[in-house]
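Worksheet: one structure, shown below.
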Amino acid sequence: MEDIPKTEIEKTYDHKGVEEKWYRFWIERGYFHVSTKSSKPPFSIVIPPPNITGSLHVGHALNNTLQDILTRYKRMKGFNALWIPGTDHAGIATQTVVERELHKEGINREDLGREEFIKRVWRWKELYGKRIIEQLKRLGASCDWSRERFTMDGGLSIAVKEVFVRLYKEGLVYRGYYLVNWCPRCGTALSDLEVTREDTKGKLYYLRYPFASGGGYMVVATTRPETMMGDTAIAVNPNDERFKGVVGREVILPVVGRRIPIIADEGVDMGMGTGALKITPAHDFADFDIGNRHNLQRIQIMDSKGVMNENAGRYTGLDRFECRRRIVEDFEKKGILEKAEDYSIQLGKCYRCGTVVEPMLSLQWFVRMKPLAEPAIRAVEYGKTRIIPEGWKSTYFEWMRNIRDWCISRQIWWGHRIPAWICKDCNGITVSIDEPKSCEYCDSKNIEQETDVLDTWFSSALWPFSALGWPKQTEELRIFYPTSVLVTSFDILFFWVARMMMMGLKFMGDVPFRDVYIHALIRDEKGEKMSKTRGNVIDPLDIMDEFGADALRFSLTALAAQGRDIRLSLSVIEGYRNFMNKIWNASRFVFMNLDGNAGARDTSSLYSNLSTPDKWILTNLNRAVKEVEEALDKYEFDKAARTIYQFIWSDFCDWYIELVKPMLNDSGTRERTQAVLVKVLSSALRILHPIAPFITEEIYQRLRGFSSDAPESISISSYPGVNKDEIYEEAYNEIESIKQIIVAIRNLRATVGVHPSNRVSVILVPDNETVLEMIKRHESSILGLAKASIEFSTRERPKKAIAQIINGLEIFLPVEGLIDIQKETERIKREISKVLKDIELSQKRLSNPDFLGRAPEDVIEKEKERFEELSLKKQKMEEVLEKLSGI
RNA sequence: GGGCGGUUAGCUCAGUGGAAGAGCGCUUGCCUUACAAGCAAGAGGUCACUGGUUCGAAACCAGUACCGCCCACCA
9 MEDIPKTEIE KTYDHKGVEE KWYRFWIERG YFHVSTKSSK PPFSIVIPPP
59 NITGSLHVGH ALNNTLQDIL TRYKRMKGFN ALWIPGTDHA GIATQTVVER
109 ELHKEGINRE DLGREEFIKR VWRWKELYGK RIIEQLKRLG ASCDWSRERF
159 TMDGGLSIAV KEVFVRLYKE GLVYRGYYLV NWCPRCGTAL SDLEVTREDT
209 KGKLYYLRYP FASGGGYMVV ATTRPETMMG DTAIAVNPND ERFKGVVGRE
259 VILPVVGRRI PIIADEGVDM GMGTGALKIT PAHDFADFDI GNRHNLQRIQ
309 IMDSKGVMNE NAGRYTGLDR FECRRRIVED FEKKGILEKA EDYSIQLGKC
359 YRCGTVVEPM LSLQWFVRMK PLAEPAIRAV EYGKTRIIPE GWKSTYFEWM
409 RNIRDWCISR QIWWGHRIPA WICKDCNGIT VSIDEPKSCE YCDSKNIEQE
459 TDVLDTWFSS ALWPFSALGW PKQTEELRIF YPTSVLVTSF DILFFWVARM
509 MMMGLKFMGD VPFRDVYIHA LIRDEKGEKM SKTRGNVIDP LDIMDEFGAD
559 ALRFSLTALA AQGRDIRLSL SVIEGYRNFM NKIWNASRFV FMNLDGNAGA
609 RDTSSLYSNL STPDKWILTN LNRAVKEVEE ALDKYEFDKA ARTIYQFIWS
659 DFCDWYIELV KPMLNDSGTR ERTQAVLVKV LSSALRILHP IAPFITEEIY
709 QRLRGFSSDA PESISISSYP GVNKDEIYEE AYNEIESIKQ IIVAIRNLRA
759 TVGVHPSNRV SVILVPDNET VLEMIKRHES SILGLAKASI EFSTRERPKK
809 AIAQIINGLE IFLPVEGLID IQKETERIKR EISKVLKDIE LSQKRLSNPD
859 FLGRAPEDVI EKEKERFEEL SLKKQKMEEV LEKLSGI
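Count along the first sequence from 1, add 8, and you get the number used in our numbering.
Here is the structure:
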């Protein structure tokens, strides 16, 4: 063990300490800070602002890794690359969190009062709102932190008011009494998007409503019998023969005793239920519309907490579900309930808390969407904004074309308070950016500001321009709007992307981003959504602790294909952690073989005398660079990662380093080889840097000492370009052939079971002089990598030997009868039959006049060559088989 | 009810018209002085099914089945 190489570099890469160190270094040097004075072309991304209540989950990790890759890539490519960070105030979510805190202290927000409560939320934000930002930094996010924004900071508040006022003045914001989705737990209205539908098992109840004139009853079916106390009609389809005689008559509501009419409405589906529909305009969307058409009274039967109100008679004070239970019980006794069937219903639930939403009549603020949606549809149709992958376009269009007005008011405290003042005298509404002194209609001073706040997504919709300083006409806006790309996942396509499109076009007159890249959602290895209750959550913070941020980032990148979900498992991450270690050790090898003064050398002269393996690796490098560039330009992150992985591990480590080892021990070739190693490693590090910034910086810093003019950090170094002069077709093919020979010999060794440390002697029978000469040039490589010494033979094949047949060459490994002849014979036979099958197919193709007539020339040529090769191979193998049987 | 994805090796996924691929797992042999988080050699596939287009289909088209997602006021 005394001849362990003298090196200070650890055998295993340890990310601990490294990541933090370089992140601090980058920040201190201000590499991520972007100046508006720069003459470089702009590139910009605004972050999807994470909630201040959030903790980095694996979805954030993916989303931000991809943004960081793009930002770092563009920065290295010479762009003035700006990535604006920020956080979202997340109205309901944050309010809930703080309320929970209060609850622990035994108080609620009403005890505190609005003003005091909001102070508490701000205090909470100061304490915990930075958490997710710190986590993004751990991930390596290269945001310009000097421009960090918050959706409730002063500037954004001005933007929100400006937008609201302008929309109101143009009639695009209005206020009115409508039926909205109401969450009784959160105590607020929700937009349609904030309601999720869930299949729920329920019952369909058939209720008998007796005719007022006596003599029978109507049967109506409902899943919500408690709403019957708000019924104001029964509706049937006018074309329904069954009910021809009853339209215009009246029935009596059981329990309540109220008389309600039977009306006819086209909206009633004759096939559903009993064909007769009970109409509750104040608690059902369809009924609301029917009610409007027939001027029906709207009777509310619940309060904002979902508790039955005074209109519910003897059920007043009961929770809606308790009321349902009781009412069914009572109806059963009284024979009002005809039957109850099991029924599966799509129940609307609050997307925040899961409470069943209640359609509730209330005074709310809305945005008129149609006029805003039209330009946003056109922008995507005309390609002013590209959606990638394209498949999402149709989803976007579908939603935009059927868009409904957006309920933007929320009855909570945390959020942007609506800048409207309501006059207590004349009920007039004064909407204004600054607090008005009096009512603009009656001049009364008796005005009060609207207590509602805006939907969180209202401010998010302005993010691409508000984060750049709007409504001020800033340099940032001029340079960086529209932003280059938005990176997001599809679950907020409507919530956010669509609304940003509308607002951007409305207020900036241009789209908010050129591209929208939509990535997948992360699931566990079984394809299930990660959730705490399932216990299948992969916490990126734990992953970063154990495997490092680079391994996490690379894993996410490699999995970021454009499908709909990504299945992430620990074994995948472990695999890419191993890749990081591989890079580390390849670098370690390079360092161990460099001399201290390597940097002072003039490398250009060394390049004039490249070896074939040198040319081969440079060819591979340039092709890899090209592929990675093209992939990143098309947002094919997984392809970029795969290309880099393959280049570093297979090409550079498995072959180039191995091929080059003897050259490092030869003083005639040592310097040149060192130069190529450094060049290739340096390029490899730089193409990898956007994906794995930490380890590449760590190695780069060590490599920098060997190079005279390297920038002080890899993150500001330039991205490698493709050098066409370094594509060496001939050398490439030559090494590919040599690789084949080495693999074939290794295969023979394994077949015989030769111990890896033992040298074998093989007999090569080349087809021609060219092949012979080529092999001779690489004899030492074959000796080194296959541990085989070579004998050439032009005619004679050895008698006792096993063979491998490759293109242009037969390889024999003489054996001393130690091998299992039977097994080897079988193997060859199997090979022959495979070749035969291929020959057959090829022949069929070549004898097909249609193929010869219609296929392109080069394909036919290739097929002919292939046929020749296969035939030759078959012939050679049959000879080998013959020889084998003679042993 | 409408729309959109997916179905390729045991698992997770690439591959978009011209010889079925990768990683993990598996088998076998190796601590070969960069790396056992490694090296080498293997085994393993009717590319879901049925038709069609084409000289040629895993890929393009149509349909079927299964899995998943989104949208929608069917009591």
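Every residue gets a Cβ at the ideal spot worked out from N, C-alpha and C, and that includes glycine. Everything numeric in this text was worked out from a predicted model, so none of it was measured.
Could you tell me the alpha carbon to alpha carbon distance between residue i and residue j, rounded to whole angstroms?
i                 : j                 : result
glutamate 456     : aspartate 338     : 46 Å
leucine 693       : methionine 408    : 44 Å
alanine 566       : alanine 528       : 12 Å
phenylalanine 467 : glutamate 113     : This sequence places serine at residue 467; phenylalanine is not what is there. One C-alpha to the other measures close to 31 Å.
lysine 807        : glutamate 832     : 15 Å
asparagine 630    : asparagine 731    : 6 Å
phenylalanine 515 : methionine 600    : 60 Å
threonine 464     : methionine 510    : 16 Å
serine 63         : cysteine 358      : 22 Å
isoleucine 395    : phenylalanine 502 : 13 Å
glutamine 654     : lysine 872        : 31 Å
proline 50        : arginine 122      : 44 Å
leucine 756       : leucine 614       : 38 Å
aspartate 11      : aspartate 603     : Residue placement at aspartate 11 is flagged as unreliable, the pLDDT there being 36, under the threshold of 50; a coordinate-derived value is accordingly withheld.
isoleucine 750    : leucine 618       : 22 Å
asparagine 544    : tryptophan 130    : 33 Å
Candidates the options: which alpha carbon is nearest residue i's?
i                 : options                        : result
leucine 696       : Val668, Glu637, Ser63, Asp674  : Glu637
phenylalanine 587 : Met600, Leu578, Asp573, Asp558 : Asp558
aspartate 550     : Val66, Phe51, Ile53, Arg37     : Val66
asparagine 435    : Asn454, Gly423, Pro427         : Asn454
serine 726        : Glu737, Asn741, Ser691, Thr759 : Ser691
glutamine 143     : Pro822, Lys392, Gly94, Met237  : Gly94
glutamate 202     : Arg767, Cys361, Phe655, Ala475 : Cys361
serine 879        : Asn245, Ser841, Ala863         : Ser841
phenylalanine 660 : Trp624, Arg805, Phe645, Lys647 : Trp624
tryptophan 91     : Ala101, Gly99, Asn72, Lys85    : Asn72
leucine 74        : Pro379, Ala284, Asp775, Phe645 : Phe645
leucine 772       : Glu382, Ile810, Gly321         : Ile810
Can you tell me the Cβ-Cβ gap for residue i and residue j, rounded? I've got them flagged as a contact below 8 Å.
i              : j              : result
tryptophan 429 : arginine 183   : With a Cβ gap of about 12 Å, tryptophan 429 and arginine 183 do not count as contacting.
glutamine 103  : isoleucine 420 : 5 Å
valine 668     : proline 621    : 6 Å
proline 427    : lysine 169     : 5 Å
isoleucine 924 : valine 770     : Nothing about residue 924 can be reported from this structure: the residues present for the chain run from 9 to 895 only.
isoleucine 746 : serine 789     : 6 Å
glutamate 3    : leucine 494    : With the chain represented from 9 up to 895, any question about residue 3 goes unanswered, as that position is not in the structure.
isoleucine 271 : leucine 261    : No, isoleucine 271 and leucine 261 are not in contact; Cβ-Cβ is about 15 Å, not under 8 Å.
The alpha helix (DSSP H) spanning residue i covers which residue range?
i              : result
tyrosine 708   : 701-711
histidine 68   : 66-84
tryptophan 132 : 122-136
leucine 567    : 557-567
serine 769     : Unbroken run through serine 769 is the beta strand (DSSP E), 768-774; no alpha helix (DSSP H).
Give the range of the beta strand (DSSP E) segment to which residue i is assigned.
i                : result
arginine 575     : 573-575
cysteine 358     : 345-358
phenylalanine 51 : 50-54
serine 797       : 796-800
aspartate 297    : Aspartate 297 -> not in any beta strand (DSSP E); alpha helix (DSSP H) instead, spanning 293-301.
aspartate 523    : 521-527
alanine 284      : 284-287
proline 269      : 267-272
asparagine 586   : Counting along the chain, asparagine 586 falls outside any beta strand (DSSP E), though it belongs to the alpha helix (DSSP H) covering 578-600.
Return the chain-ordered ranges of every alpha helix (DSSP H) run that is complete within the region 159-246 and spans a minimum of 4 residues. As far as the region 159-246 is concerned, its whole alpha helix (DSSP H) runs of at least 4 residues are 162-177.
Please specify which runs of the beta strand (DSSP E), each continuous and at least 3 residues long, are wholly inside the region 371-413, giving them in chain order. You should have 394-396.
Please list the segments of the alpha helix (DSSP H) lying wholly inside the region 812-864, counting only runs of 4 or more residues, in order along the chain. You should have 829-854, 857-862.
Sequence ranges, alpha helix (DSSP H) only - wholly within the region 418-504, length at least 4: The qualifying runs are 464-468, 471-474, 483-488.
Alpha helix (DSSP H) runs wholly inside the region 671-754, at least 4 long, in chain order: Complete alpha helix (DSSP H) runs here, min 4: 675-696, 701-711.
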